[in-house]
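Position in the sequence shown (first residue = 1) + 328 = this note's numbering. Scroll down for the structure; my scribbles are underneath it.
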Amino acid sequence: VNTWKHPLGIPPPSENDWPKDEEDFFLLDPDRERDALPQPFRMISKLVMQVFESAMEITEKREMLREAQKLKVQPQKCFPTAEFQVTERANCLAVSGKYVFVGLSEGLAAFNTCDFKHVCAWDAAKTEICAIHALDLGNECHVLLAVDEMGLAWLFCFHKESFLLVKILNEVEDVSQRSTCVEEVLSRGGDYAGILLQGNTKAWLEIYQLPKDSWLTEMEKNAGAADGLACSERRSSCLSEVGTFLLQELPVSAVQADVELDLPVLLLTVRPPKPITGTSFKGPLEALKEMDDDSMLGLGYNHLIKDFQWELQEAIFCSTYQEYLEAEGVTKEEIPRHATFHFLLPSRILMGPEMEVQPDIPVGIGVHWDGNHNFCLYLLNHSFKGQADSDLMPDVVWPCAAPIACSAVSSCSRYLALAGEDATITIWDKHLGYPLSVTAILEERFIRSIHFL
Numbered sequence: 329v330n331t332w333k334h335p336l337g338i339p340p341p342s343e344n345d346w347p348k349d350e351e352d353f354f355l356l357d358p359d360r361e362r363d364a365l366p367q368p369f370r371m372i373s374k375l376v377m378q379v380f381e382s383a384m385e386i387t388e389k390r391e392m393l394r395e396a397q398k399l400k401v402q403p404q405k406c407f408p409t410a411e412f413q414v415t416e417r418a419n420c421l422a423v424s425g426k427y428v429f430v431g432l433s434e435g436l437a438a439f440n441t442c443d444f445k446h447v448c449a450w451d452a453a454k455t456e457i458c459a460i461h462a463l464d465l466g467n468e469c470h471v472l473l474a475v476d477e478m479g480l481a482w483l484f485c486f487h488k489e490s491f492l493l494v495k496i497l498n499e500v501e502d503v504s505q506r507s508t509c510v511e512e513v514l515s516r517g518g519d520y521a522g523i524l525l526q527g528n529t530k531a532w533l534e535i536y537q538l539p540k541d542s543w544l545t546e547m548e549k550n551a552g553a554a555d556g557l558a559c560s561e562r563r564s565s566c567l568s569e570v571g572t573f574l575l576q577e578l579p580v581s582a583v584q585a586d587v588e589l590d591l592p593v594l595l596l597t598v599r600p601p602k603p604i605t606g607t608s609f610k611g612p613l614e615a616l617k618e619m620d621d622d623s624m625l626g627l628g629y630n631h632l633i634k635d636f637q638w639e640l641q642e643a644i645f646c647s648t649y650q651e652y653l654e655a656e657g658v659t660k661e662e663i664p665r666h667a668t669f670h671f672l673l674p675s676r677i678l679m680g681p682e683m684e685v686q687p688d689i690p691v692g693i694g695v696h697w698d699g700n701h702n703f704c705l706y707l708l709n710h711s712f713k714g715q716a717d718s719d720l721m722p723d724v725v726w727p728c729a730a731p732i733a734c735s736a737v738s739s740c741s742r743y744l745a746l747a748g749e750d751a752t753i754t755i756w757d758k759h760l761g762y763p764l765s766v767t768a769i770l771e772e773r774f775i776r777s778i779h780f781l
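Shown next, in the form of structure tokens:
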């Protein structure tokens, strides 16, 4: 009898025991089964997979952007508490004290911000108001400077819920000589007003002194008459619980015949600088005699360059850079027709040793014309010298390396920012008269506006 000395065991598997017909089943990738499809189906499958992968990438990017947006601080949404609906088109508005003044397609309208009711309207001239500025003078008196569609500058005094027309600043009898107001500025406090006028071929700046003290005195004397003629009829029906009011047939305030307000006084007429031409001086001594004082340095008028020297220099320049000039298209220098101006408070630059000034009343203006390198400062007391109708020369000139593109004055009126066309911003200390900082912006950039925060 044959017997096993050891227990029976299962032999270990080996590759030799694998069935030959199932070898491809273990070695092939399961995803490769689709390769057995015919060629058109394989191409369609690849295109579908590409579209699916692209859609997944776009979805992931959108999810990432959505998550990043959630992490940002969301701005607070503000909804109006009251609405003033007007039947005419509203072009502009200004806020002064507790009143909102709206420029309409025909006249002006005033609203009270306390009770959200319309106060009165002015449409005597049936003109469209395109821009408006307003300031609070105190004692419920406000000064308004408005510009209509024809470029006329209207000066109003608003008192006791009534519009009082003081004067049309640029009104002339001959319509052909009429000028257009393109910019208007009221000084802080309402002591002065400035308007930039443009004619057919020229432009100039007019500065007026507003007799606000006499206005306030006259208003106090005629307080009873102002209350009686404030508005002929008031209509303040509430159309909804949220405070929506409809302006229809607004009561028109009559110009009070008993109240005669003093007219503003023209102080300065500033014209753009004249182009620099050849000199007629025979020597340096004659040029120095023409200068009134040393504050006029910087305009470039009192020079000793002859006409033929200008022509020779221009010929050399044109011959040297002819190819660049032809590519750029050079234009001849023209007289500027637009200016930016600011009312300036007292400082060491504008104050003389014997001048008596108040710290909160402007003593001068700063002006720069488009395409000009100079920032010119004018004192507001030139009218006492009888120079209101003549071409004034600036009291101080600050030349810049590049033409001035825009400017800004701080709220304290001490700091002045000048931005040049070369994208360079210079901050000046107007009180001491020296620059504090110079900042260059990226190349090929043009600065259009600048503000102090």
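Glycine included, each C-beta is placed from N, C-alpha and C at the ideal position.
- DSSP places Asp757 inside the beta strand (DSSP E), whose first and last residues are Thr752 to Asp757.
- DSSP places Asp541 inside the alpha helix (DSSP H), whose first and last residues are Lys540 to Lys549.
- DSSP places Val379 within a helical segment (H, G or I) once states are collapsed to three.
- Relative to the Cα of Ala729, the nearest Cα in the group Tyr743, Val766, Val494 and Met679 belongs to Val766.
- By the criterion of a C-beta distance shorter than 7 Å, Pro690 is surrounded in its chain by Ser515, Asp519, Tyr520, Phe671, Leu672, Leu673 and Leu708, once the five residues flanking it on both sides are discounted.
- Nearest Cα to Leu589 within the set Met547, Thr455 and Gln526: Met547.
- Out of Val494, Ile693 and Ser675, the CA that lies nearest to the CA of Pro687 is found in Ser675.
- Beta-carbon to beta-carbon, Asn498 and Cys509 are separated by about 6 Å, close enough to satisfy the 8 Å threshold.
- For Ala452, there is no enclosing beta strand (DSSP E), since its DSSP letter is neither H nor E.
- Asn419 carries a strand assignment under DSSP once its states are collapsed to helix, strand and coil.
- Counted as a single uninterrupted DSSP element, the beta strand (DSSP E) harbouring Lys495 occupies residues Phe491 to Ile496.
- The alpha-carbon separation between Leu473 and Val513 amounts to approximately 8 Å.
- Nearest C-alpha to Cys448 among Met679, Ala437 and Thr441: Ala437.
- Counting only the Cα atoms, Val593 lies some 11 Å from Lys540.
- Contact between Lys426 and Thr441 holds, with the beta-carbon distance rounding to 5 Å and staying under 8 Å.
- Straight-line spacing of the CA atoms in Val598 and Gln526 works out to 12 Å.
- In this model, Ala462 and Glu391 are separated by some 50 Å (Cα to Cα).
- In the three-state DSSP reduction, Ser507 falls in the coil class, being neither helix nor strand.
- Look at Asn702 here: in three-state DSSP terms it is strand.
- If you draw a straight line from the Cα of Ala745 to the Cα of Leu421, it comes to about 28 Å.
- The continuous stretches of beta strand (DSSP E) do not include Ile775, and DSSP gives it neither H nor E.
- Inclusion of Lys454 and Glu477 in the CB contact set at 8 Å is not warranted, their separation being larger than that value.
- Beyond the five residues adjoining it in sequence on each side, Phe780 comes within less than 8 Å, by CB distance, of Ala736, Val737, Ser738, Ser739, Tyr743 and Ala745 in the same chain, given in chain order.
- Between Ile535 and Leu465, the beta carbon gap of about 18 Å keeps them out of contact (Cβ cut-off 8 Å).
- Spanning the alpha carbons of Thr415 and Leu432 requires a straight line of approximately 9 Å.
- In the structure shown, Asn709 falls within a coil segment according to DSSP collapsed to helix, strand and coil.
- With contacts defined as CB atoms closer than 8 Å, Pro722 and Gly748 fail to qualify as a contacting pair.
- Judged by DSSP secondary structure, His666 falls outside any beta strand (DSSP E); it is assigned neither H nor E.
- Looking from the CA of Trp532, the closest CA among Pro601, Ala418, Val724 and Pro763 belongs to Pro601.
- Separation of Leu544 and Cys469 (C-alpha to C-alpha, rounded to the nearest whole angstrom) is 7 Å.
- Annotation for Phe429: the continuous beta strand (DSSP E) segment containing it runs Tyr427 to Leu432.
- With respect to the 8 Å criterion, Val475 and Leu483 are not classified as neighbours on the basis of their beta carbons.
- For Cys442, there is no enclosing beta strand (DSSP E), since its DSSP letter is neither H nor E.
- Looking at the DSSP output, Ala438 sits in a beta bridge with Phe429 and Cys448.
- The DSSP-derived three-state label of Phe407 is coil.
- A distance of 8 Å or more separates the beta carbons of Phe412 and Gly522.
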